[in-house]
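Colleague: For the sequence shown, the numbering used here gives the first residue as 96, with consecutive numbering after it. Have a look at this one.
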Amino acid sequence: MDALPLIALVAVSAAVAGAARRTPVPAPLVLVAVGLVAGFSPGVPTYHLDARVVLPLLLPPLLHTAALDSSYLDLRANIRPVALLSVGYTLFATVAVGWLAYRIIPDLPLTAALVLGAVVAPPDAVTAAAIARRVGLPARVTTILQGESLVNDATAITAFRVALAAAVGEGMSWGAGIGEFLLAAIGGVGVGLLLMVPLHWLRTHLKEALLQNTLSLLIPFVAYAAAERVHASGVLAVVVVALYLGHRSWQVDFATRLQEAAVWKMVAFILESSVFALIGLQLPFVLKELGPFGVEEAIGYAVVVFVAVVVVRFVWVYPATYLPRWLSRRVREREPGTDWTAPLIVGWAGMRGVVSLAVAFSIPLVTHDGEPFPARSLVLFLTFTTVIGTLVIQGLTLPVLVRVLKLPHPDPQTVTLIEAQAQSEASEAAEARLRELLDDPHNSLPPPLADRLRSVLERRRNAVWERLGAADPVTGESADDTYRRLSREMIEAEREVFVRLRDERRIDDEMMRTLLRRLDLEEAAAYRETDDS
96 MDALPLIALV AVSAAVAGAA RRTPVPAPLV LVAVGLVAGF SPGVPTYHLD ARVVLPLLLP
156 PLLHTAALDS SYLDLRANIR PVALLSVGYT LFATVAVGWL AYRIIPDLPL TAALVLGAVV
216 APPDAVTAAA IARRVGLPAR VTTILQGESL VNDATAITAF RVALAAAVGE GMSWGAGIGE
276 FLLAAIGGVG VGLLLMVPLH WLRTHLKEAL LQNTLSLLIP FVAYAAAERV HASGVLAVVV
336 VALYLGHRSW QVDFATRLQE AAVWKMVAFI LESSVFALIG LQLPFVLKEL GPFGVEEAIG
396 YAVVVFVAVV VVRFVWVYPA TYLPRWLSRR VREREPGTDW TAPLIVGWAG MRGVVSLAVA
456 FSIPLVTHDG EPFPARSLVL FLTFTTVIGT LVIQGLTLPV LVRVLKLPHP DPQTVTLIEA
516 QAQSEASEAA EARLRELLDD PHNSLPPPLA DRLRSVLERR RNAVWERLGA ADPVTGESAD
576 DTYRRLSREM IEAEREVFVR LRDERRIDDE MMRTLLRRLD LEEAAAYRET DDS
């Protein structure tokens, strides 16, 4: 197998994504545009999306990184809107878009139309995260969009399998379809719950950062494969495990966290860049397989389906936002109020992505009766145009819409004040712990080093200090070893405070990660390796 095309894809995608960062256009849109042009350029290798590769090999790590960056507590606090979008909206869009396609496309069976509806129903996790980061959406809106995109793939893939089984003649009844949906959902969550604790235990008990990060890279594939093996949702299993590991990441060794953050950032960058380029590169395949449908006719259907996808989302989002608040006093008391702008952003931020294309390409060529799958080529074309349309039209206009609406952003002074208060509490805890440790004769230190420990909380950016001191006659530790051990105790005290403040909702997960990263870097400086081997 020639590896050069794959290497070229990764290298060019990374270069384009890096260059796109210097432009006001989001990198996903630049990558898709380059892919569209490259698809028809002479000498460019052919790249074909294969669901057997995308779903088990690309989707798990992309979902894993998105879930690790999400907040379990924020998702739990917004579970109602997330569930209404990830499950309710996805099923509603499947039926609504499928029914419309059935009505406007001659000779298209309802089952095949529902296959199309399921394929184009779910907004993409990668796209949502990439666009949200770039445009700076409000925290709650970002949480809802990320939560939706983490779960809706499971809903859409299950709905697709049910509709596909009916379309190819497997005799799937509605009752059996509902049963399969529940099995996939409950089974996926169950597999995730079974795996998350032992996997976290293993991560915390491996002593080498390299081994821990090797395990980290394997985890999403293990979770996905285990769930799919029992016909459950691999997507939900990956998300459940990643949310738990992300919530408990503070319990892992600092070296692992620093290395893991760098590794996953690189993996996410490579995969996201390649995936968006691959979307654009699919156009030649889509046009080649258009078959008996004329281009003008297919474009007409594409416009209708695209408009339907956009409108159906608003038809669901606004009632789902306001009806529960009107009907339930408990919802009004527990959830913050919102105006018309937040649902407008959520409704417009429904970009589709690689999962829709990969699932569409998995539609078989023939049914169980040996007949060609009805309008397969048109379904592929409509999926492609919907993905490109949402990425280009909605992706380009979303930043403009956010600026026009002037959505509120956190006040920098308020954020700084909260951070300062958190740091102050953590420093007090560290100083108290240091006093306890220095009262113990086994922790004797020369006065200069003890003073340095007391001042290190306010001097985290100072240069690396000199390591001095002879071995302690009682413990056998050098002054350097004692200094580093006490420093680690202080840092651990701060870390516990930051986690407690996060759990008490006094700071959010993003701020906790920022504060913990500072401690990790301080600990890494104190415990820097002297042996490169």
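We treat Cβ as the ideally placed atom computed from N, Cα and C, and that holds for glycine.
Starting from Val-214 and walking both ways along the alpha helix (DSSP H), at which residues does that stretch end?
Modeller: It spans 205–215 - the alpha helix (DSSP H) in which Val-214 sits, taken as one unbroken run.
Colleague: Sort Ala-525, Val-499, Phe-276 by Cα distance to Arg-590 and report the nearest one.
Modeller: Among Ala-525, Val-499, Phe-276, the Cα nearest to that of Arg-590 is on Ala-525.
Colleague: Out of Leu-180, Asp-534, Leu-154, Ala-372, which has the shortest C-alpha to C-alpha gap to Ser-328?
Modeller: With distances taken between Cα atoms, Ser-328 lies closest to Leu-154.
Colleague: Leu-310: which of Trp-345, Trp-359, Ala-128, His-326 sits nearest, CA to CA?
Modeller: Nearest C-alpha to Leu-310: Trp-359.
Colleague: Here's the rule I'm using: 16 or more other beta-carbon atoms within 10 Å means buried, otherwise exposed. How should Phe-361 be labelled?
Modeller: Checking the sequence shown, residue 361 turns out to be Met, not Phe. Per the 10 Å Cβ criterion, exposed.
Colleague: Ignore the nearest five residues each way along the sequence and tell me which others in Ile-440's own chain have a CB closer than 6 Å to its CB.
Modeller: Val-236, listed in sequence order.
Colleague: Excluding five sequence neighbours on each side, which residues of the same chain lie with their C-beta closer than 7 Å to the C-beta of Val-398?
Modeller: Cβ within range, chain order: n/a, list empty.
Colleague: Is it true that the CB of Pro-218 sits closer than 8 Å to the CB of Met-446?
Modeller: In contact: Met-446 and Pro-218 (Cβ atoms closer than 8 Å).
Colleague: In chain order, which continuous runs of the alpha helix (DSSP H) of length 4 or greater are located wholly inside the segment 303–390?
Modeller: Listed in chain order, the complete alpha helix (DSSP H) runs (minimum 4 residues) inside the segment 303–390 are 304–324, 329–342, 349–376, 378–383.
Colleague: Thinking C-alpha only, which one of Val-190, Leu-277, Thr-480, Val-336 is nearest Leu-53?
Modeller: Lying before the first or after the last residue shown, residue 53 is absent from the chain, which here runs from 96 to 628.
Colleague: Apart from the five residues just before and just after Val-105, which ones in its own chain have a Cβ nearer than 7 Å to its Cβ?
Modeller: Counting only Cβ-Cβ distances below 7 Å, and skipping sequence neighbours, we find Ile-365, Ser-369.
Colleague: On the three-state DSSP scale, how would you describe Val-120?
Modeller: In the structure shown, Val-120 sits in coil (DSSP, three-state: anything other than H, G, I, E or B).
Colleague: In the DSSP assignment, the alpha helix (DSSP H) including Asn-74 goes from what residue to what residue?
Modeller: For the chain, the structure presents residues 96 to 628; residue 74 sits outside this window and is missing.
Colleague: If we ignore side chains and look at the alpha-carbon of each, how far apart do Phe-349 and Ile-281 end up?
Modeller: Using only the alpha carbons, I get a separation of about 34 Å.
Colleague: What's the C-alpha gap between Leu-616 and Val-334?
Modeller: Roughly 28 Å between the two C-alpha positions.
Colleague: Sort out for me which residues DSSP pairs Val-461 with in a bridge.
Modeller: Val-461 pairs with Pro-467.
Colleague: What is the rounded straight-line gap between the Cα of Thr-238 and the Cα of Asp-164?
Modeller: About 10 Å.
Colleague: Let me make sure I understand the geometry here. Which of Arg-408, Leu-544, Gln-518 has the alpha-carbon closest to that of Leu-529?
Modeller: Nearest C-alpha to Leu-529: Leu-544.
Colleague: First and last residue of the alpha helix (DSSP H) that includes Ser-451?
Modeller: First-last of the alpha helix (DSSP H) with Ser-451: 449–456.
Colleague: Confirm, please, whether the CB-CB distance from Val-450 to Ile-374 is below 8 Å.
Modeller: No; because the gap between Cβ atoms is not below 8 Å, this pair is not in contact.
Colleague: Kindly indicate the opening and closing residues of the alpha helix (DSSP H) around Trp-435.
Modeller: That residue, Trp-435, is in no alpha helix (DSSP H); it is neither H nor E in DSSP.
Colleague: Answer with yes or no whether the minimum CB distance from Gln-516 to chain D is below 8 Å.
Modeller: Chain labels in this structure do not include chain D; a single protein chain is all it has.
Colleague: Among residues of its own chain, excluding the 5 on either side of Val-284, which ones have a beta-carbon nearer than 7 Å to its beta-carbon?
Modeller: Leu-331, Val-335, listed in sequence order.
Colleague: Does the beta-carbon distance from Ala-444 to Leu-491 come in below 8 Å?
Modeller: Not in contact: Ala-444 and Leu-491 (Cβ atoms no closer than 8 Å).
Colleague: Once the 5 residues before and after Ser-166 are set aside, which same chain residues still bring their CB inside 6 Å of it?
Modeller: Within the same chain, Ser-166 has close Cβ partners Asp-604.
Colleague: Distance, Cα to Cα, Thr-478 vs Ala-216?
Modeller: If I take the Cα positions, the gap works out to 10 Å.
Colleague: In the structure shown, what three-state DSSP assignment does His-300 receive?
Modeller: Note: His-300 maps to helix in three-state DSSP.
Colleague: Please identify the residue among Ala-279, Arg-498, Lys-302 whose C-alpha is closest to the C-alpha of Thr-436.
Modeller: Residue Arg-498 is the option with its Cα nearest to Thr-436.
Colleague: Note down the Cα distance separating Leu-58 from Arg-324, rounded to an integer number of angstroms.
Modeller: Past the edges of the chain, shown from 96 to 628, lies residue 58, and the structure says nothing about it.
Colleague: First and last residue of the alpha helix (DSSP H) that includes Tyr-197?
Modeller: 185–199 is the extent of the alpha helix (DSSP H) around Tyr-197.
Colleague: Where do the ends of the alpha helix (DSSP H) carrying Val-111 lie?
Modeller: It spans 99–115 - the alpha helix (DSSP H) in which Val-111 sits, taken as one unbroken run.
Colleague: Using C-beta distances below 6 Å, list every residue in its chain close to Leu-610, excluding the 5 sequence neighbours before and after it, in chain order.
Modeller: The residues are Phe-593.
Colleague: Counting pairs of Cβ atoms below 8 Å between the segment 177–190 and the segment 244–260, do you hit three or more?
Modeller: The answer is yes - the segment 244–260 touches the segment 177–190, with three or more Cβ pairs under 8 Å.
Colleague: Can you tell me whether Asp-535 is helix, strand or coil according to DSSP?
Modeller: Asp-535: coil per DSSP, three-state reduction.
Colleague: Nearest-angstrom Cα distance between Val-132 and Ala-588?
Modeller: Cα to Cα, Val-132 sits roughly 55 Å from Ala-588.
Colleague: Contact defined as beta carbons within less than 8 Å: I believe Val-286 pairs with Ala-321. What is the distance between those atoms, to the nearest angstrom?
Modeller: Contact holds; Cβ gap of about 5 Å.
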